[in-house]
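Per the working numbering: the sequence shown = residues 185 to 576. The structure under discussion appears below in the form of structure tokens.
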Amino acid sequence: MRVVLYTGKGGVGKTCVAAATALRLAEQGRRVLVASTDAAHSLGDAFDREVGSEAQKVADNLWALEIDPVVAGRAAWGGLQEYLRTLMTSHAESGIEADELLVFPGLEELFALLALLDIEEGGAYDVLVVDCAPTGETLSLLKYPERLGAFIERALPFKRKALKVGRPVIEGVMKIPMPQDALFDELSSLVGRLERLRALLTDTGRVSLRVVTTAERIVVKEAKRAYSWLGLYGYHVDAVIVNRLYPEEALAGYFDRWTELQRTSLSEIGDAFADTVVLRLMLRQGELHGAPALREAAAELYGDVDPEAVLSPAGGLGLRASTDGCELSLAAPFFDKRDLDLRQDGDDLVVSLANQTRRLPLPERLRGRDVVGARYEDGSLVVTFEPEPNAR
Numbered sequence: 185m186r187v188v189l190y191t192g193k194g195g196v197g198k199t200c201v202a203a204a205t206a207l208r209l210a211e212q213g214r215r216v217l218v219a220s221t222d223a224a225h226s227l228g229d230a231f232d233r234e235v236g237s238e239a240q241k242v243a244d245n246l247w248a249l250e251i252d253p254v255v256a257g258r259a260a261w262g263g264l265q266e267y268l269r270t271l272m273t274s275h276a277e278s279g280i281e282a283d284e285l286l287v288f289p290g291l292e293e294l295f296a297l298l299a300l301l302d303i304e305e306g307g308a309y310d311v312l313v314v315d316c317a318p319t320g321e322t323l324s325l326l327k328y329p330e331r332l333g334a335f336i337e338r339a340l341p342f343k344r345k346a347l348k349v350g351r352p353v354i355e356g357v358m359k360i361p362m363p364q365d366a367l368f369d370e371l372s373s374l375v376g377r378l379e380r381l382r383a384l385l386t387d388t389g390r391v392s393l394r395v396v397t398t399a400e401r402i403v404v405k406e407a408k409r410a411y412s413w414l415g416l417y418g419y420h421v422d423a424v425i426v427n428r429l430y431p432e433e434a435l436a437g438y439f440d441r442w443t444e445l446q447r448t449s450l451s452e453i454g455d456a457f458a459d460t461v462v463l464r465l466m467l468r469q470g471e472l473h474g475a476p477a478l479r480e481a482a483a484e485l486y487g488d489v490d491p492e493a494v495l496s497p498a499g500g501l502g503l504r505a506s507t508d509g510c511e512l513s514l515a516a517p518f519f520d521k522r523d524l525d526l527r528q529d530g531d532d533l534v535v536s537l538a539n540q541t542r543r544l545p546l547p548e549r550l551r552g553r554d555v556v557g558a559r560y561e562d563g564s565l566v567v568t569f570e571p572e573p574n575a576r
């Protein structure tokens, strides 16, 4: 199944772009599901149809879904929720409606991703188009599989062993129920799902992200940051979509200054994303909703381009020999080198870009070798490792 995710700063029109893309693919004969992970769902508004937490057919070959984090949470780890509900109500005189309380901050995004994994593994569609939350929330969403999976995997064996020994004492003294083995089995299963999710999202042959922006300086800056941060986590951005471009004739007179500002932004976008496909969509004369308007927008946006294709080649980590040892390069464009930081922690490289940090497992070839230097060169972080012992 091909998976295409659309993100961007709030208000740039990513929902309409995702909806238009899904409709175009469906009309080309593909079975398509368009799903929203944005808490402020508006897919239904784009299609002029009611859309809910179950896939609903909105056109031939096209289904739409607005993921409900509470429903997705039950599917993801219903056993843990049931245990916490029991814990919360064990001394209460009346029951507590705990479902919403048990969707902890950040887990809504995780549940949405796990719902996407279930859809992909179900194989009922040819293409999954995802209308993601605004950029910042999407970055949080995409960090969870790696971070939470690693945490649970490290903590689970110790906690399970400790509770096996201490459960009778704790339950007897504190009069609160302790988690049973089935709960730990569920958490182990969750780790497996997170690993599969991470593998799916970084499969550049099947999954792409597309950043939607407008030709405004502040929005373009956020698009550039998003592009770099997504690359840091191993996600492939195969296109940048510039939405709501003003026809120059519409800016004549009072808005003349905007003509020059738009040209400047388009030039910056062209230079910044020279290795990535850039697609453009003009501002419509009317609001962009309903099948006719979405169809027209998709035709303009894609032209002869196949929306299902991987539109730009993936980059990723580069590994090469050097006179000083071995060099690992990681694309990190659009940042001042003062925003970059790294440290080595065993066989992991901890890389920070501004306020985003990733723990990067080193390739097998570099494990057990120390970092001896680093530099920022041509938009990439280049890290030098000591030579192999037999090469010294």
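Backbone N, C-alpha and C fix where the C-beta goes; we use that ideal spot for every residue, glycine too.
Secondary structure, alpha helix (DSSP H): runs of 4+ residues fully inside the region 449 to 529
475 to 486
Can you look up LYS241 in the DSSP assignment and give me helix, strand or coil?
strand
Beta-carbon proximity list for ARG553, same chain, < 6 angstroms, skipping 5 on both sides
PHE569 and GLU570
Run the CB neighbour count on ASP508, radius 10 Å, all protein chains shown included, and call it buried at 16 or more, exposed below.
exposed
Given a cut-off of 8 angstroms, decide if VAL534 and LEU577 are closer than it, judged by their beta-carbon atoms.
Examination of residue 577 is not possible in this model, given that the chain is present from 185 through 576 alone.
Please go through the same chain and pick out, in chain order, the residues whose beta-carbon is closer than 7 angstroms to the beta-carbon of ALA317, but skip the five residues on each side of it.
THR221, ASP222, ALA223 and LEU325
May I ask you to verify whether the region 454 to 474 touches the region 417 to 426, counting CB pairs closer than 8 angstroms and requiring at least 3?
yes
Smallest Cα separation from THR515: which of ASP455, GLU452, TYR417 and PRO491?
It should be noted that the sequence gives Ala, not Thr, for residue 515. Considering only alpha carbons, the answer is TYR417.
Nearest candidate by alpha-carbon position, reference LEU501, set LEU550, ASP302 and GLY307
LEU550
Does the region 197 to 212 come close enough to the region 298 to 315 that 3 or more CB-CB pairs lie under 8 angstroms?
yes
Please report how far the alpha carbon of ALA477 lies from the alpha carbon of ALA230, in whole angstroms.
10 angstroms
Check whether the region 468 to 475 touches the region 438 to 447, taking contact to mean three or more Cβ pairs, one atom from each stretch, closer than 8 angstroms.
no
Contacting residues, own chain, Cβ-Cβ under 7 angstroms from TYR430 (five flanking each side not counted)
TRP442, GLN446 and LEU467
What's the C-alpha gap between GLY470 and ASP232?
15 angstroms
Take ARG522 and list the residues in its own chain whose beta-carbon comes closer than 6 angstroms to its own, dropping the five residues that flank it on each side.
none
What does a CB cutoff of less than 6 angstroms around ARG504 pick up in its chain, not counting 5 residues either side in sequence?
GLU511
As assigned by DSSP and simplified to three states, the class of LEU546:
coil
Under the rule that 16 or more other beta-carbon atoms within 10 Å means buried, what is GLY195, buried or exposed?
exposed
Please state if the CB of GLU238 and the CB of LEU249 are separated by a distance shorter than 8 angstroms.
yes
Starting from the C-beta of LEU301, find all residues in its chain whose C-beta is less than 7 angstroms away, skip the five residues before and the five after it, and write them out in chain order.
ARG377, ARG380, LEU381 and LEU384
Between ASP252 and ALA399, what straight-line distance do the alpha-carbon atoms span, to the nearest angstrom?
32 angstroms
Would you tell me roughly how many angstroms separate the C-alpha atoms of VAL593 and LEU374, rounded to the nearest one?
With the chain covering only 185 through 576, there is no way to say anything about residue 593.
Would ARG390 pass as a contact of ARG215 if the rule is Cβ separation under 8 angstroms?
no
Distance check for PRO497 and PHE295, CA to CA, integer angstroms please.
29 angstroms
Beta-ladder partner(s) of TRP247, from DSSP
LEU217 and LYS241
Counted within 10 angstroms of its Cβ, other Cβ atoms place GLY454 as buried (16 or more) or exposed
exposed
On the CB-based measure, 16 or more other CB atoms within 10 Å of its CB, does SER449 come out buried or exposed?
buried
Quick check: ALA410 and THR319, are their CB atoms within less than 8 angstroms of each other?
yes
Where DSSP assigns a beta bridge to THR397, which residues make up the other side?
VAL426
Return the residue from the list GLY228, VAL242 and LEU217 that minimises the CA-CA distance to GLU304.
LEU217
Looking only at its chain, what residues have a beta carbon closer than 7 angstroms to the beta carbon of ARG401, apart from the 5 residues adjacent to it on each side?
SER449
Beta-carbon proximity list for GLY228, same chain, < 6 angstroms, skipping 5 on both sides:
GLU234 and VAL235
Is it the case that the Cβ atoms of VAL201 and SER392 are separated by a distance below 8 angstroms?
no
CA-to-CA distance, LEU524 to LEU537, given in whole angstroms
5 angstroms
Where the alpha helix (DSSP H) through ALA202 begins and ends:
198 to 211
State the start and end residues of the unbroken beta strand (DSSP E) segment that holds PHE439.
That residue, PHE439, is in no beta strand (DSSP E); it is neither H nor E in DSSP.
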